[in-house]
Amino acid sequence: MKPVRLLVLGALRRRGRAHGYQIRADLESWGAHEWSTATSGSVYHALKSMAGQGLLAATSDADPSVAGGPPRIEYELTDQGEQEYLSLLREALADREPRLDVLCAAVGLIEDLPRGQALQVLRTRADAMRDWRTSITAHLPADTELDAWGPVGEVISLWLATADTGAQWTRRLINRLEEGAFCMAGEPGSPTRSPAQQAE
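If you read the sequence shown in full-length UniProt numbering, its first letter stands for residue 1, the second for the next number, and so on.
In structure tokens, the structure reads:
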């Protein structure tokens, strides 16, 4: 999964309806152009591509743009786009080893999920991290000294450290959500509509 698709869908969902420049400006205000592949060209390409796939509805402005160019195209999520967005968001949060930019995008948009749903996918991620670590250590002989294994030992150490820190971070986020951190979808003051509200 590439982060630009998730980011564009998330930014557009929060606006309701917008043209490409507004989405690009929103992503830049989040700093997404610094830590992801969400550049100007990729944003416009994603909008056009997802409109062609039926994930977005595209409407041309009747008036030309202020700059004198062709009429701007405004986009909004279709029902299919809504389903795709929430599916990508859950998938990115549940994956034990997504690309870091994908995970950053998903965490930045986590408030678009109901609290219970976010907790469920994060617990799935925590379980996957634990199982991954277990699968690594299961193949090591008892009393293994990884330092004696040379570069291969360092690779295994990296895997174990990645599993440990990933699990620790995930548990911390789970604890924060359980304690009421953030304003999740469907809760008073939520920045976005809940999936249930979308169907109304």
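For glycine and all other residues, C-beta sits at the position ideal for the given N, C-alpha and C. Since the model is a prediction, treat every value here as computed from it, not as a measurement.
Out of Ala181, Asp95, Leu89, point me to the one whose CA is closest to Arg125's CA. As a working note, residue 125 is residue 125 in the sequence shown. Comparing Cα-Cα distances from Arg125 to each of Ala181, Asp95, Leu89, the minimum goes to Asp95.
Beta-carbon proximity check, Leu146 vs Ser135, cutoff 8 Å: Here residue 146 refers to the residue found at position 146 of the sequence shown. Here residue 135 refers to the residue found at position 135 of the sequence shown. Cβ distance not < 8 Å, so Leu146 and Ser135 don't count as in contact.
Identify every residue that forms a DSSP beta bridge with Ala57. Within the sequence shown, the letter at position 57 stands for residue 57. DSSP output for Ala57 lists Glu76 as bridge partner(s).
Pro71 - DSSP class collapsed to helix/strand/coil: Indexing the sequence shown from 1 puts residue 71 at position 71. Of the three classes helix, strand and coil, the one that applies to Pro71 here is strand, per DSSP.
Minimum C-alpha distance to Ala128 - residue among Arg99, Gly116, Ala106, Ala163: In the sequence shown, residue 128 corresponds to position 128, counting from 1. When each option's Cα is compared against that of Ala128, the closest is Ala163.
Only counting runs of 4 or more residues, tell me where the alpha helix (DSSP H) segments fall wholly within the stretch 85–167, in order along the chain. 100–108, 115–137
Got a sec, what are the start and stop residues for the alpha helix (DSSP H) Arg17 sits in? Here residue 17 refers to the residue found at position 17 when the sequence shown is read from its first residue. Counting along the chain, Arg17 falls outside any alpha helix (DSSP H), and DSSP gives it neither H nor E.
Can you tell which of Gln80, Leu122, Pro141 has its C-alpha closest to the C-alpha of Arg176? Position 176 of the sequence shown holds residue 176. Arg176 has its Cα closest to that of Leu122, out of Gln80, Leu122, Pro141.
Sequence-distant residues of its chain with Cβ nearer than 6 Å to Leu6 (five each side left out): For the purposes of this step, residue 6 is taken as residue 6 along the sequence shown, with counting starting at 1. The answer, listed in chain order, is Leu88, Ala105.
Given a cut-off of 8 Å, decide if Leu113 and Ala185 are closer than it, judged by their beta-carbon atoms. As a first step, residue 185 must be located in the sequence shown, where it is residue number 185. As a first step, residue 113 must be located in the sequence shown, where it is residue number 113. Contact flag set, yes.
Whole angstroms are fine: how far does the CA of Ser29 sit from the CA of Glu154? Here residue 154 is taken as the residue at index 154 of the sequence shown, counted from 1. Here residue 29 is taken as the residue at index 29 of the sequence shown, counted from 1. Each residue's alpha carbon lies about 39 Å from the other.
Reduced DSSP category for residue 204 - H, G, I as helix; E, B as strand; rest coil: Nothing can be reported for residue 204, as the shown portion of the chain is limited to 1 through 200.
In whole angstroms, give me the CA-to-CA distance for Leu56 and Gly31. Numbered from its first residue, the sequence shown carries residue 56 at position 56. Numbered from its first residue, the sequence shown carries residue 31 at position 31. Approximately 24 Å between the Cα atoms of the pair.
On a CA-only basis, which of Met1, Thr78, Tyr85, Glu178 is nearest Arg115? Give me that one, please. Walking along the sequence shown from the start, residue 115 turns up at place 115. Of Met1, Thr78, Tyr85, Glu178, the residue nearest in Cα terms is Glu178.
Buried versus exposed call for Gly10 [16 or more other C-beta atoms within 10 Å across all chains shown]: Numbered from 1 along the sequence shown, position 10 holds the residue referred to as residue 10. Per the 10 Å Cβ criterion, buried.
So Tyr75 packs on Ala18, CB below 8 Å; how close in whole Å? Residue mapping note: residue 75 aligns to position 75 of the sequence shown, counting from 1. Residue mapping note: residue 18 aligns to position 18 of the sequence shown, counting from 1. Confirmed, Cβ separation roughly 7 Å.
Please classify Pro3: does DSSP put it in a helix, a strand, or coil? Within the sequence shown, the letter at position 3 stands for residue 3. Three-state result, Pro3: helix.
Using the beta-carbon count (16 or more within 10 Å), is Thr137 buried or exposed? If you number the sequence shown from 1, residue 137 lands on position 137. Classification for Thr137: exposed.
Collapsed DSSP secondary structure at Ser29 in the structure displayed: To locate residue 29, count along the sequence shown from 1; it is residue 29. In this structure, Ser29 counts as helix in the three-state DSSP scheme.
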